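Peer 1:
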Amino acid sequence: MKSTGVVRKIDELGRIVIPKELRRTLDINVKDPIEIFTSENKVILQKYQADMACMITGEILDDNQTFGNGNIVLSQEGMALLQEELEIKLGKKREEMLNAE
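Numbering (my numbering), first residue to last: 1 to 101.
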């Protein structure tokens, strides 16, 4: 876990303010749900991600599909983006292999 060097006080209602730059970096927006975990003597805040959220686009749609025994969730758009990137990377690998011969 990386320290940000930011210290905040808890107000009388038990609230803390997460700095704007940190929210921007972690893509946390107004009204986003945040999960709260505890581990030993630590409180961990994490942006909530639904089980069926696409791992590439973040979309939560009824037609999202799972792969790899449920470990990978992709939307149609996410699959298209992944396919495009794989084709580019695999094309470069093929070129490298052909040039090496």
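Using N, Cα and C, we set each Cβ at its ideal position, and we do this for glycine too.
Since we're looking at a predicted model, the values are computed, not measured.
Does the segment 51 to 67 touch the segment 77 to 91, meaning 3 or more C-beta pairs lie closer than 8 Å?
Peer 2: Judged by Cβ distances under 8 Å, the segment 77 to 91 makes contact with the segment 51 to 67, as three or more pairs qualify.
Peer 1: With distance defined between alpha-carbon atoms, name the residue in I56, M55, P19 nearest to T4.
Peer 2: When each option's Cα is compared against that of T4, the closest is P19.
Peer 1: Taking the alpha-carbon positions, what's the E87 to E96 distance?
Peer 2: So the alpha carbons of these two residues sit roughly 14 Å apart.
Peer 1: Run through DSSP, which three-state label would T57 get?
Peer 2: Coil at T57, not helix or strand.
Peer 1: Beta strand (DSSP E) containing T66: first to last residue?
Peer 2: Residues 65 to 67.
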